[in-house]
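Just so you know, the working numbering puts 132 at position 89 of the sequence shown, and the rest follows in order with no gaps.
We put the beta carbon where it would ideally sit given N, CA and C, even for glycine.
If you're wondering where the values come from, they're calculated on a predicted model, not measured in any experiment.
Structure first, then comments.
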Amino acid sequence: SVISTGLKYWFEDKFGEPWYIPEESSKSQALKVIENALAFMVLFNYIIPISLYVTVEMQKFLGSLFFRTDSQMYDPSINECAQANTSDLNEELGQVEYLFTDKTGTLTENTMMFRQCCIGSRQFEVVDGKFYEKVENGNVDLTLDVQFTPEMNEFF
44 SVISTGLKYW FEDKFGEPWY IPEESSKSQA LKVIENALAF MVLFNYIIPI
94 SLYVTVEMQK FLGSLFFRTD SQMYDPSINE CAQANTSDLN EELGQVEYLF
144 TDKTGTLTEN TMMFRQCCIG SRQFEVVDGK FYEKVENGNV DLTLDVQFTP
194 EMNEFF
């Protein structure tokens, strides 16, 4: 807007005002410059968001291309690289809430299975797809039918 304001006054001095615009001598020159600069800022207001939107979309697209070139995301068993099917993948990665790992912190399989939990002072374990409570000696009592309590319903 500063360049446009300067060019307006440069063209005005060189070519004069058009005949259909009346002269205004009551305003000071500084007030006219401020008024014109603000007018150009309002006019250019619609250009900036479009270019910003295009820049952000290009960044997301180019960021998704980096997944394909990441050597740590290559799977030699199927001879395939990671492939981003959406340009929003970078944003979605930041929204992971839970990540289940083993005690060393590594993922050993892609299938995560619920094994056991402790709710309050009671311990529970899944055996053959059924939910059982552990007794005091640490063994699973297969005859004990588990009744879900409000704490368990809240946990699951």
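Starting from the C-beta of residue i, find all residues in its chain whose C-beta is less than 7 Å away, skip the five residues before and the five after it, and write them out in chain order.
{"i": "residue 157", "result": "169"}
{"i": "residue 51", "result": "79"}
{"i": "residue 140", "result": "none"}
{"i": "residue 45", "result": "80"}
Name, in chain order, the residues that DSSP records as bridge partners for residue i.
{"i": "residue 176", "result": "167"}
{"i": "residue 115", "result": "Its beta-bridge partners do not exist; DSSP assigns none."}
{"i": "residue 183", "result": "177"}
{"i": "residue 123", "result": "118"}
{"i": "residue 162", "result": "165"}
Quick one, which of the options has its alpha-carbon nearest residue i's?
{"i": "residue 104", "options": "128, 64, 85", "result": "128"}
{"i": "residue 99", "options": "131, 78, 71, 145", "result": "131"}
{"i": "residue 136", "options": "93, 78, 121, 106", "result": "106"}
{"i": "residue 171", "options": "126, 118, 159, 179", "result": "159"}
{"i": "residue 124", "options": "134, 133, 113", "result": "113"}
{"i": "residue 133", "options": "56, 167, 108", "result": "108"}
Just checking my contact of residue i with residue j at CB under 8 Å: how many whole Å lie between their CB atoms?
{"i": "residue 116", "j": "residue 110", "result": "6 Å"}
{"i": "residue 176", "j": "residue 165", "result": "6 Å"}
Given residue i, which residues of its chain have a CB within under 6 Å of its CB, disregarding the five upstream and five downstream residues?
{"i": "residue 96", "result": "none"}
Compute the minimum distance between the beta carbon of residue i and the heavy atoms of the ligand FAD, and state whether it is under 7 Å.
{"i": "residue 101", "result": "Looking for the ligand FAD in the displayed structure turns up nothing, as the structure carries no ligands at all."}
Exercise. Jot down the residue ranges of each uninterrupted beta strand (DSSP E) in the stretch 73 to 103, minimum 3 residues, whole runs only, in chain order.
Key: Correct list: empty.
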